[in-house]
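FYI, UniProt numbering numbers position 439 of the sequence shown as 439, with every residue one higher than the one before it. All C-beta atoms, glycine included, are put in the ideal place defined by N, C-alpha and C. For clarity, every value in this text was computed on a predicted model and none was experimentally measured. In what follows, a single structure is set out as structure tokens and then discussed.
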Amino acid sequence: MASSYQPLRNSASGTSMAYSSTESTGAGYGGYGSRDYGVGRMGYDGSARSHSPPDYYHDTAAAAAHGRSGGSGYEDTKAHPINDNDGADAPLLGSSQQEEHVRSSSFAGASFNMMTAIMGSGILGLAYAMRYSGIVPFTILMVFMAGCGLYAIHMLLTLCTHTGINTYEGLGVKAFGRVGKIAVSTSILIQNIGATTSYLVIAGDLLPDLMRVFTSENDNSKTPFYVDRNFLLCIIAATVVFPLTSLRRIGLLAYTSTISVIFMAMMTFVVVAKRDHISCPLPGNETDSSAFATITAPPPPPTTALPALYYATDNSTTSDSCTAELFAFSTNFFFVLPTMAFSFVCHTALLPIYAELKKPTQARMQAVSNVAVMTCFSLYFIAGLFGYLTFYQSVDSDLLKSYSFQREDVLVCVVRTAFVLAVILTAPGVYFPARKTIMLFFFPNRPFSWFLHYAVTIFLVGFTLVLALFVPDIKNVFGLAGATSSVSLMFVLPSLFFIRILPGAYLSRTKLPAVIMSILGVLIGLTCVGGVIASWLV
Numbered sequence: 001m002a003s004s005y006q007p008l009r010n011s012a013s014g015t016s017m018a019y020s021s022t023e024s025t026g027a028g029y030g031g032y033g034s035r036d037y038g039v040g041r042m043g044y045d046g047s048a049r050s051h052s053p054p055d056y057y058h059d060t061a062a063a064a065a066h067g068r069s070g071g072s073g074y075e076d077t078k079a080h081p082i083n084d085n086d087g088a089d090a091p092l093l094g095s096s097q098q099e100e101h102v103r104s105s106s107f108a109g110a111s112f113n114m115m116t117a118i119m120g121s122g123i124l125g126l127a128y129a130m131r132y133s134g135i136v137p138f139t140i141l142m143v144f145m146a147g148c149g150l151y152a153i154h155m156l157l158t159l160c161t162h163t164g165i166n167t168y169e170g171l172g173v174k175a176f177g178r179v180g181k182i183a184v185s186t187s188i189l190i191q192n193i194g195a196t197t198s199y200l201v202i203a204g205d206l207l208p209d210l211m212r213v214f215t216s217e218n219d220n221s222k223t224p225f226y227v228d229r230n231f232l233l234c235i236i237a238a239t240v241v242f243p244l245t246s247l248r249r250i251g252l253l254a255y256t257s258t259i260s261v262i263f264m265a266m267m268t269f270v271v272v273a274k275r276d277h278i279s280c281p282l283p284g285n286e287t288d289s290s291a292f293a294t295i296t297a298p299p300p301p302p303t304t305a306l307p308a309l310y311y312a313t314d315n316s317t318t319s320d321s322c323t324a325e326l327f328a329f330s331t332n333f334f335f336v337l338p339t340m341a342f343s344f345v346c347h348t349a350l351l352p353i354y355a356e357l358k359k360p361t362q363a364r365m366q367a368v369s370n371v372a373v374m375t376c377f378s379l380y381f382i383a384g385l386f387g388y389l390t391f392y393q394s395v396d397s398d399l400l401k402s403y404s405f406q407r408e409d410v411l412v413c414v415v416r417t418a419f420v421l422a423v424i425l426t427a428p429g430v431y432f433p434a435r436k437t438i439m440l441f442f443f444p445n446r447p448f449s450w451f452l453h454y455a456v457t458i459f460l461v462g463f464t465l466v467l468a469l470f471v472p473d474i475k476n477v478f479g480l481a482g483a484t485s486s487v488s489l490m491f492v493l494p495s496l497f498f499i500r501i502l503p504g505a506y507l508s509r510t511k512l513p514a515v516i517m518s519i520l521g522v523l524i525g526l527t528c529v530g531g532v533i534a535s536w537l538v
């Protein structure tokens with residue numbers, strides 16, 4: 001489509017916005033996410049965020065018009081501007097009621113929707129990232145990652161305006177055909193698997209301590225079956241996650257992402273509040289993160305002194321364990337950027353949220369994104385900084401796990417319980433688009449079958465459960481998923497779409513930043529994947 005494309009103005013609302021219609025790839029699972037499933041929004045990016053609309057999107061045409069494709073990307077999309085003359089094939093008929101229903105999101109509402117798309121389990125890994133990068137590099141890299149995320153949003157919004165396509169996967173098809181579709185779908189699938197695995201790992205990190213509190217089991221030398229991590233994970237997966245994931249419609253589970261954002265903000269508040277009430281070194285001089293040890297000795301009086309700052313490497317002595325590092329480097333540094341990328345990726349949810357925005361313009365949606373990203377940046381940075389300045393070199397890759405020695409503290413217990421409930425109820429919503437991707441890739445023309453439905457669900461839940469059982473450290477999930485799918489969805493794919501679709505030379509003023517960003521994405525991905533693997537071998 002020519003670069004001079006302008007979205008057509010709709011007389012019913014007086015606003016302009018282009019929408020895409022979606023064409024099912026088959027009669028059965030090709031319609032996965034239509035009336036039978038009500039999967040909802042394309043924007044399941046898996047950082048632990050779900051974005052399903054209310055149940056009224058069960059209508060196929062309405063779901064298509066809203067750009068909802070459940071996150072998998074196996075619908076062929078075509079530009080389809082809204083026009084009163086479009087007739088029966090229009091994704092939305094010319095009803096003013098329908099049009100108003102589409103653009104129901106205010107600036108504040110769209111900003112909050114973007115926040116729910118951004119914020120996820122990655123917030124728990126940022127204090128650990130600061131531990132292995134130092135305060136100064138961490139701050140610089142966080143600003144860099146947020147800036148790159150916003151520029152990727154700018155590129156996607158520009159492409160939406162240029163083509164009229166309002167789904168991430170639709171842009172992939174427009175740019176590279178089936179190869180683009182496969183690249184997008186594979187990235188989203190990996191991201192969703194990473195997100196659901198991280199949820200199970202978090203549950204496994206926190207449930208044993210919570211069960212000890214709830215059952216008054218204070219003898220750390222004993223591990224009854226009901227406080228065993230693996231047993232609890234299997235029970236939760238079998239009795240809660242699998243049944244909810246097996247549903248054909250998400251329903252009220254769509255709103256758990258909103259609840260999780262509230263819990264994350266609450267966690268940030270608790271991390272700040274606890275900073276001056278936890279001394280360093282910790283009681284007993286250490287926390288046993290692998291065994292969830294509880295320190296029963298009374299803690300010494302809290303200290304509010306400002307932390308000392310210094311430069312450190314792997315050769316730092318244990319006497320420096322309570323000193324904040326301005327700069328640090330070790331093999332664990334390669335987990336830093338992937339964790340940040342995992343935390344900021346939200347780009348598959350962007351365009352559907354844009355489609356709902358009242359008075360939709362590119363500048364307005366960019367402003368919405370700026371507010372959301374900067375708000376999340378603030379919460380991330382505060383949680384990371386105060387978490388690090390509380391535990392220093394003892395901070396765990398899962399920040400809430402670091403509070404194991406205070407497991408009976410009321411605030412800590414409330415936040416941990418809230419987080420466990422949030423991740424358990426959010427996980428099924430992220431399995432839905434992962435299942436849809438598999439269905440549409442391997443069984444695009446099969447009619448609905450409960451056998452296949454359950455088989456794929458069992459595979460997904462079982463696979464992520466095995467990962468959570470045998471890869472218990474959440475930094476490995478953040479590291480691999482962040483360095484592969486998150487970097488692809490944030491850096492590489494938007495840049496390649498921008499370069500491919502827009503006219504002009506690669507080194508033109510318009511495209512040069514995209515070229516640089518795509519190269520950076522590839523370098524970050526390859527370097528960090530190599531570094532993560534190397535850290536396992538050292």
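DSSP places Glu356 in no beta strand (DSSP E) but in the uninterrupted alpha helix (DSSP H) bounded by 347 to 356.
When secondary structure is reduced to three states using DSSP, Phe448 falls in the coil class, being assigned neither helix nor strand. Closest in C-alpha terms to Gly164, from the list Tyr506, Ile501, Gly521, Thr527, comes Ile501.
Rounded to the nearest whole angstrom, the CA to CA distance from Glu325 to Tyr392 is 8 Å. Counting of Cβ neighbours within 10 angstroms places Thr268 among the buried residues, the total reaching 16 or more. Within the same chain, Ala341, Phe342, Val345 come within 6 Å of Ser486 by CB-CB distance, once the 5 residues on both sides are set aside. Counted as a single uninterrupted DSSP element, the alpha helix (DSSP H) harbouring Glu169 occupies residues 168 to 176.
A distance below 8 Å between beta-carbons, with the five flanking residues on each side excluded, links Ser105 to the following residues of its chain, in chain order: Asn113, Ile353, Glu356, Leu357, Lys358. Per DSSP, the beta-bridge partners of Ser105 are Leu357. A straight-line Cα-Cα distance of about 8 Å links Ala183 and Gly172.
Taking all protein chains in view, the Cβ of Tyr128 is crowded by 16 or more other Cβ atoms within 10 Å, so the residue is classified as buried. With a threshold of 16 other beta carbon atoms within 10 Å, Ile193 meets it and is buried. Straight across, the Cα-Cα distance linking Pro360 with Ser495 is about 23 Å. Judged by beta-carbon spacing, Met517 lies within the 9 Å limit of Phe491, meaning their Cβ atoms are closer than that value. CA-CA distance, Leu337 to Asn218, rounds to 38 Å. DSSP places Asp209 in the helix class (H, G or I) of the three-state scheme. Each residue's CA atom was taken as its position, placing Ile278 and Tyr403 some 10 Å apart.
With respect to Asn332, Tyr132 sits close: the two C-beta atoms are nearer than 9 Å.
In the DSSP assignment, Arg416 falls within the unbroken alpha helix (DSSP H) covering 410 to 442. Straight through space, the alpha carbons of Ala152 and Gly462 are spaced by roughly 34 Å. Contact between Thr196 and Ala427 holds, with the beta-carbon distance rounding to 5 Å and staying under 8 Å. Straight-line measurement puts the Cα of Leu200 at about 6 Å from the Cα of Ala468. Contact between the region 133 to 145 and the region 376 to 392 is established, with three or more Cβ pairs separated by less than 8 Å. Inclusion of Val532 and Gly479 in the CB contact set at 9 Å is warranted, their separation being smaller than that value.
A check of alpha carbon separations from His453 across Leu247, Arg229, Val213 identifies Leu247 as the nearest. The beta carbon of Val538 sits closer than 6 Å to the beta carbons of Thr331 from its chain, once the five residues preceding and following it are set aside; these are given in chain order. Pairing Asp205 with Asp398 gives a Cβ-Cβ distance under 9 Å. Around the CB of Met119, 16 or more other CB atoms lie within 10 Å, so the residue is classed as buried.
Around the beta-carbon of Arg178, fewer than 16 other beta-carbon atoms lie within 10 Å, marking it exposed. Taking C-beta atoms as the reference points, Tyr431 and Thr457 count as a pair closer than 9 Å.
Residue burial is scored here from C-beta neighbours: Tyr380 has at least 16 other C-beta atoms within 10 angstroms and is therefore classed as buried. Around Lys475, the same chain offers Gly125, Tyr128, Asn332, Phe335, Thr339, Ser397 as residues with beta carbons nearer than 8 Å, after the five sequence neighbours per side are excluded. Phe405 counts as buried, since no fewer than 16 other beta carbons sit within 10 angstroms of its beta carbon. Annotation for Ser378: the continuous alpha helix (DSSP H) segment containing it runs 362 to 391. 9 Å or more divides the Cβ of Ala367 from the Cβ of Phe263. Here Met119 carries a coil assignment [DSSP, helix/strand/coil].
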